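In this note's numbering, the protein residues as written are 5 to 443.
Pasting the structure below:
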C-alpha cells in the first residue's frame, strides 16, 4: 500500500463530511527543537498537497523536556501524541515492552533496505522495526582551520586527547572572545552524559563491569572527568555548565569556538553561510581517543519518528512518518536548501549520491564515524550492556541524568571532580541494587 493510498484508506474509515468532502484527521507530533526538525515544519505544504486529509499539530520541545514528556505519555498510555520523536535508546526498550507500533508493512517505495544497517539495527527488536530514522549521527571533531593555521598546527584526522589539549591551548584568546574548545556541560543523560560516556570509552573506561558494578571509582573515569574539566576550565566558554547541543552550535557559528566535539549532524549547520560566520573555515576530524586506546570518543544515535501503541490515528501517523523519512523528503530539502543540508546518516543511497558527497565535505567522515561506533562493544573492556553513549536498560534514563547533574555541578565549580565521581558511584550503586542488577 502506498503512502497516499494508506492515507486515503485511513480517511475513508473516518468517513466523509456532510458535503461529501473527505474528513480531516489531525495528528499531534512531539518533536525536538533541533534545526532539522524545525526545517521540516517549514516544508509541510508539500505533505499537505499530497495528503489534504491529514493535518499536523506540532509540539516542539527542548531535548530534556521532550524525553520526560514522551516517556511519561507512553508509559501511562495518556495518548497526547500520535507521533513521538525518540532516539536509539528508547526504541528497542519501548518496542520490547509493546509501547510502539511495529512498522512491518512499509510500502516497497519506501525502500527499507536502503536504511544504513548500523542505524536500522538499533531500531529493530526480534526482526520488527519500531521507528523510522529522520536523521542518524555519530560524533566527531569540528574545528576552525584558520585558527589552527594561525597557531601553526595541523589537525590529524584521528586526533588524540593530547592533540586536542594542545590545539585548545593554542587557539584560546579569551580577550577576543575565542575559546579553544566548546563541549556539552548541560546535565542530562542525552546531553553532557552522551559526550562524557563516549569520552570515557575513548579513555578505556566503561559504565559497568560484567557484574553490573558501576565504574566511577576507576582510574579511567577519573582521567575522563579531570581531562574534561581541565579542558573546559582552561579553554572553554563561561557558563558552560548550561550549554547543550544548541548553545554550543550557536557559539561555534558565531566564531567563539576553536573546536567542538559533538554530533555529526551539526556539520551542515556550521558550514551553512546563511547561519555560520565561519562557514568556509570549518574542518573535520574523528572524535578523539587516548593514545594507545583503540576506541574513539564517537557515539551512535538516530532521532526517529515512532507511533505509540493505542493511538486512534495509526494510519495517518504512518503516512506522515513515511513521508518525513523518505527519499522524496530528502530530495525536497535538497531542492529548497541544497544537498549539504539534507537530513544525514540514515540511507546508503545518500552516501552513494555524488550530488550529496560533492556538496557535503563532511559526508565521508560522518559515514566513517557512524560505521566505527559499535554499540555491542563500546569499550576496549568487556561490558554487559549495549549502547555507546548510553546503557540500553530502562533505569539508565534516571541514572544517567543524576550522574550528569553531578558532573555539571563539578564543571560549575560547586563540587570537586573526586566528589562528583564518588557521588556518581554511590547513587548508581544504589539504583542498580534497587533494580536488582547487583546485591
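Virtual Cβ for every residue (Gly too), placed ideally from N, Cα, C.
Just so it is clear, the structure is predicted and the values come from calculations on it, not from any experiment.
(Q) Considering Cα atoms alone, identify which of 419, 387, 78, 415 is closest to residue 212. (A) 387
**Q.** Which of helix, strand or coil DSSP assigns to residue 188
**A.** coil
**Q.** Cβ shell of residue 215 (< 8 Å), same chain only, five flanking positions each side left out
**A.** Within the same chain, 388, 442 come within 8 Å of residue 215 by CB-CB distance, once the 5 residues on both sides are set aside.
Q: In the DSSP assignment, find the unbroken beta strand (DSSP E) run with residue 64 in it and report its ends.
A: 58–65
Q: Would you tell me roughly how many angstroms separate the C-alpha atoms of residue 207 and residue 347, rounded to the nearest one?
A: 31 Å
Q.
Please classify residue 52 as buried or exposed, where buried requires at least 16 other C-beta atoms within 10 Å of its C-beta.
A. exposed
Q. Residue 284 to residue 148, Cα distance in whole Å?
A. 9 Å
Q. Excluding sequence positions up to five away, which residues of its chain have a Cβ less than 8 Å from the Cβ of residue 249?
A. 38, 67, 188, 195, 266, 267, 270
Q) Pick from 275, 36, 133, 81: whose alpha carbon is nearest that of residue 62? A) 36
Q. When the Cα atoms are used, what is the spatial distance from residue 424 to residue 245?
A. 14 Å
**Q.** Closest by C-alpha distance to residue 201, when choosing among 174, 227, 186
**A.** 227
Q) Since residue 169 is in the alpha helix (DSSP H), which residue starts that stretch and which ends it? A) 165–175
Q: Taking only the alpha-carbon atoms, compute the straight-line gap between residue 428 and residue 375 and give it to the nearest angstrom.
A: 31 Å
Q) Taking just the CA atoms, how far does residue 385 sit from residue 296? A) 14 Å
Q: Measure the C-alpha to C-alpha separation of residue 299 and residue 382 and round it to an integer number of angstroms.
A: The straight-line gap from Cα to Cα measures roughly 8 Å.
Q | Whole-number beta carbon distance between residue 158 and residue 127, since they are thought to touch under 8 Å | A | Contact doesn't hold; Cβ gap of about 38 Å is too wide.
Q. For residue 410, which of 233, 96, 57 has the nearest alpha-carbon?
A. 233
(Q) Excluding the 5 residues flanking residue 419 on each side, which residues of the same chain have their C-beta closer than 8 Å to its C-beta? (A) Cβ within range, chain order: 410, 413, 427.
Q. Out of 106, 29, 70, 58, which has the shortest C-alpha to C-alpha gap to residue 314?
A. 106
Q) Cα separation between residue 217 and residue 377? A) Here the alpha carbon of residue 217 sits roughly 24 Å from the alpha carbon of residue 377.
(Q) Using a 10 Å radius around the Cβ and a threshold of 16 neighbouring Cβ atoms, would you call residue 224 buried or exposed? (A) buried
Q | Neighbourhood of residue 25 by C-beta, 7 Å cutoff - its chain only, sequence neighbours within 5 removed | A | Note that residue 25 has pLDDT 48, beneath the 50 cutoff, so the model's placement of it is unreliable and the number below is only indicative. Taken in chain order, the list of residues that qualify is empty.
Q | Per-residue burial, residue 524 [other beta carbons within 10 Å of its own, 16 or more giving buried] | A | There is simply no residue 524 to check, as the chain begins at 5 and stops at 443 in what is shown.
Q: State the start and end residues of the unbroken alpha helix (DSSP H) segment that holds residue 43.
A: 39–45
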